[in-house]
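There are 2 protein chains.
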Amino acid sequence: MLNKNLKSWIDVKADSDFSIHNIPFGIYSDKNVKHHACSAIGEYIIDLFELESADLLDMPRDVFEQQYLNAFIELGKTQTNKVRLRLIELLCDENSILNKDKAFFNKVFKKQSNVTMLMPVRIGDYTDFYSSIDHATNVGTMFRDPANALLPNWKHLPVGYHGRASSIRVSGHSFHRPKGQQKPADSEVPVFGASKLLDIELETAFIIGKSTEMGDSVTTEKADDYIFGMVLFNDWSARDIQTWEYVPLGPFLAKNFASTISPWIVTLEALEPFRVKGYEQTPKLLPYLEYKGDKNLDINLQVYLKPQNGKENLICTSNYKYMYYTMEQQLAHHTVNGCNINVGDMMASGTISGPQPHEYGSMLELTWRGTKPLKLEDGTERKFVNDNDTITIRGYCEKDGVRVGFGDCTGTLLPAK
Amino acid sequence: MLNKNLKSWIDVKADSDFSIHNIPFGIYSDKNVKHHACSAIGEYIIDLFELESADLLDMPRDVFEQQYLNAFIELGKTQTNKVRLRLIELLCDENSILNKDKAFFNKVFKKQSNVTMLMPVRIGDYTDFYSSIDHATNVGTMFRDPANALLPNWKHLPVGYHGRASSIRVSGHSFHRPKGQQKPADSEVPVFGASKLLDIELETAFIIGKSTEMGDSVTTEKADDYIFGMVLFNDWSARDIQTWEYVPLGPFLAKNFASTISPWIVTLEALEPFRVKGYEQTPKLLPYLEYKGDKNLDINLQVYLKPQNGKENLICTSNYKYMYYTMEQQLAHHTVNGCNINVGDMMASGTISGPQPHEYGSMLELTWRGTKPLKLEDGTERKFVNDNDTITIRGYCEKDGVRVGFGDCTGTLLPAK
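Going line by line, the protein sequences match chains A and B. Add 10 to the 1-based position in the first sequence for the working numbering, that's all there is to it. Add 10 to the 1-based position in the second sequence for the working numbering, that's all there is to it.
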């Protein structure tokens, strides 16, 4: 499926996330543009509204000048794929007007460093799964019982819960350390204050590309028709608030103060060449969760921690392929009861940990509940995230010299208000 | 605060929910109108777009011809209260053009029985609390330990979780019994099938009337500025799916297949005269949850079950005043960590049970897990909801002969697909 012969007349560095094989979608703004849909190649964004204004995409132009990509995505995969393939064509054709007409080039192409990326979609409902077996095992071992780390339902269904959509922000934002109730082990009663155990969760998420009606279910076989693409996701978590509040109805204030997503939606079509075999699932699942083919994805994932005025420290190297449940299974499960989904809904993976300690996707696991602090290059240590630390998640697929990546998913923790 | 002298020139029956003291807001459609904002008096809806078209409200007219009330609510309480008071004025003034001009009357007033009420707001995020002490105690007694029915956090914070907004439907809808995984007590492994324990939850919900920014917190003192009004809410629940799935991250597929809200938002201003003293809260709460004044509400609540082609059976009589936590406390808790809220967000009470068995707000409690079936007037019994049963929640305040009610919150359970 990978056409290695594709070559753009635009110079793209070998380590760029935005090769000719990617062509993701996002929304940008700059001093002249309030919000336009765009794609990316190398160090540039490509203004799709300007391209369509020159009749180069054969699409309704208004979908490219909206605040979010929802209207574009609602055109359907036939149309959005057509746009992506057309962009690849224009970017590979040396005789394209884009390559020949410098003034037009400058209208359409802008350096990524000169624009601001905005939220790519209006997220209606946001769901978070809990589908990494290493993460669930680590958490179960720490908080419950190493001998029975996984709860009885875990290997029978992709456990998930509803999250807060309002506080999801695009990469580059900052937010204040949350305050809330915690119950210290040595206290009879809960206390109120800033969270002391502020954590990250390395996740990815998929964006729904096709709506259903209430009562409809999406099978694992058809699921890919409903998945527009993927983003990186940091599900910031206040562990001390979480421990006290989450029984019996799940995480609430421990998570809904802020989450970060990357601005580029990498399409499922761009990710297809990087499919790999799924996790071996034993015991056998109920039929509605069975699937055929290679449905996992080989996505390299990294987490960096940068202290204020300091350097980036690579603190975690993981991979999406460690997921026990696939996106297709998650979506089939989510809709098997008739729950309807809408274009722009976001479904996150849950923390993606691998089997090795450096592959753990949260500080909770990386420092094993603070017992093994991380040592940073500046000599300081971290048990959890400190005030003014910046966390960046990066992710990319690589195969046969072809790279498709997500760009940065960055958020900065400010001190409590 | 209750002006008992108010009297409309429109005839309003004593048992009408829509007295001159109410003046709620909603959205309707009929054969000529796609969606207009409206209020209600007696057996009529009042078309606010038509009123404003005659310059009678002094508001931007476009907020009254939208699919949802969000834009109207975003005008702010000063404006929305002004509209409500202006309506009361017009409806009490015998010399109003509405009373004098029959043709105009017929343009503005329509029999409620001749229109279809639509979803009143576009709900961004939906939160469900768990704030009735009798409900939490009943559930804890049944599923955990009668001696320690309430979990340690329950009396320290209003436990809540995020729900699914996409499947909330307005009164009058029907939906199919959900299918999903359950684990029967006598089975080693989970099975798949239609839920056998389909339940209701008698709830109310409040609609957010003013947005905040991330990082902001709303105090209990200021909370009422952010609450536009209330609706009735049925949080349909599949108990067998819930029991198997909900540990450790809370209810998911057991609830997100369908929820029902009543179409009329009764404003906080209309409810103010029915404030009563709040539940005695011991132990003392952390300062951010303390509040002053009478912040509970005396709202009579009823649940009716109607078999297909049968009669309505009153199966529960409860009251909002049994709530342990007030809306103001719920909102202060929800935002204490900086979680931002948006106009149109909905926050539900959780099942509202009273101390007496006929006051329990779910079938689970009313039949005590199916051990004490309800006897209906047609001689049949119910442990949970049967296919083709229609459930209606009703609610109203009454004081000194003045009544303010919510109208019906009705949903019908169809057989599994």
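The beta carbon of each residue, even a glycine, is placed where N, CA and C say it ideally should be.
- Taking each of B:F202, B:K305, B:T327, B:E231 in turn and checking the Cα distance to P297 of chain A, the smallest one comes out for B:F202.
- Under the Cβ distance rule, P188 of chain B counts among the residues neighbouring chain A, one pair being separated by less than 8 Å.
- Going by C-alpha positions, T147 of chain B is about 20 Å away from I325 of chain B.
- Taking a beta-carbon distance threshold of 8 Å, D250 of chain A does not count as an interface residue toward chain B.
- Burial state of V118 of chain B is buried, judged by a 10 Å Cβ sphere holding 16 or more other Cβ atoms.
- At least one CB atom of chain A sits nearer than 8 Å to the CB of E255 of chain B.
- When C-beta atoms of the stretch 258-266 of chain A are compared with those of the stretch 340-354 of chain B, three or more pairs fall below 8 Å, so the two segments count as touching.
- For R174 of chain A, at least one C-beta of chain B is nearer than 8 Å to its own C-beta.
- If you draw a straight line from the Cα of N13 of chain A to the Cα of D27 of chain A, it is about 17 Å long.
- Listed in chain order, the non-local C-beta contacts of G303 of chain A below 6 Å within the same chain number zero, local neighbours out to five positions each way being set aside.
- By the Cβ neighbour-count rule, H166 of chain B is buried, with 16 or more other Cβ atoms within 10 Å of its own.
- Take the alpha-carbon of T151 of chain B and the one of N80 of chain A: they are about 46 Å apart.
- In this structure, the CA atom of L66 of chain A is about 53 Å from the CA atom of E213 of chain B.
- M129 of chain A: not part of any beta strand (DSSP E); DSSP gives it neither H nor E.
- By the neighbour-count criterion, in which a residue is buried when 16 or more other Cβ atoms sit within 10 angstroms of its Cβ, A358 of chain A is buried.
- Listed by position along chain B, the residues whose Cβ is nearer than 7 Å to that of I309 of chain A form an empty set, because the closest Cβ is around 24 Å away.
- If you look at S269 of chain B, you'll find it in the beta strand (DSSP E) that goes 269-271.
- In the DSSP assignment, M240 of chain A falls within the unbroken beta strand (DSSP E) covering 237-244.
- Residue environment: L424 of chain A is assigned as exposed (fewer than 16 neighbouring CB atoms within 10 Å of its CB, all protein chains considered).
- DSSP places D388 of chain A outside both helix and strand once states are collapsed to three, so it counts as coil.
- In this structure, DSSP gives I143 of chain B a helical state, which the three-state scheme calls helix.
- A contact between stretches requires three or more CB pairs, one per stretch, nearer than 8 Å, and the stretch 214-224 of chain A meets this requirement with the stretch 237-245 of chain A.
- As computed with DSSP, K189 of chain B is found in a beta bridge with B:A204.
- Relative to E198 of chain B, the option among A:K220, A:N163, A:P168 whose CA is nearest is A:N163.
- Ranking A:P168, A:G52, A:D144, A:Y38 by CA distance to the CA of Y335 of chain A puts A:P168 first.
- Along the length of the stretch 80-164 of chain A, whole alpha helix (DSSP H) runs at least 4 residues long occupy 80-83, 87-102, 107-110, 112-118, 143-153, reported in chain order.
- As the crow flies, the alpha-carbon of P34 of chain A is around 13 Å from that of D418 of chain A.
- Nearest to Q318 of chain A by alpha-carbon distance, out of A:D397, A:A248, A:L376, is A:D397.
- Take the alpha-carbon of R379 of chain A and the one of K393 of chain A: they are about 8 Å apart.
- The beta carbon of D25 of chain A is closer than 8 Å to those of R413 in its chain, skipping five residues each way along the sequence.
- The alpha-carbon of G260 of chain B is positioned some 55 Å away from that of E104 of chain B.
- Close CB contacts of E322 of chain B within its chain, under the 6 Å cut and outside five residues either way in sequence, are with Y314, K316 (chain order).
- The way I'd put it, the stretch 126-140 of chain A does touch the stretch 270-286 of chain A; three or more beta-carbon pairs between them come closer than 8 Å.
- Across the structure, L341 of chain B and P293 of chain A are spaced so that their CA atoms are roughly 43 Å apart.
- Per DSSP, the unbroken beta strand (DSSP E) holding E213 of chain B starts and ends at 212-218.
- With respect to chain B, the C-beta atom of I218 of chain A has no partner C-beta closer than 8 Å.
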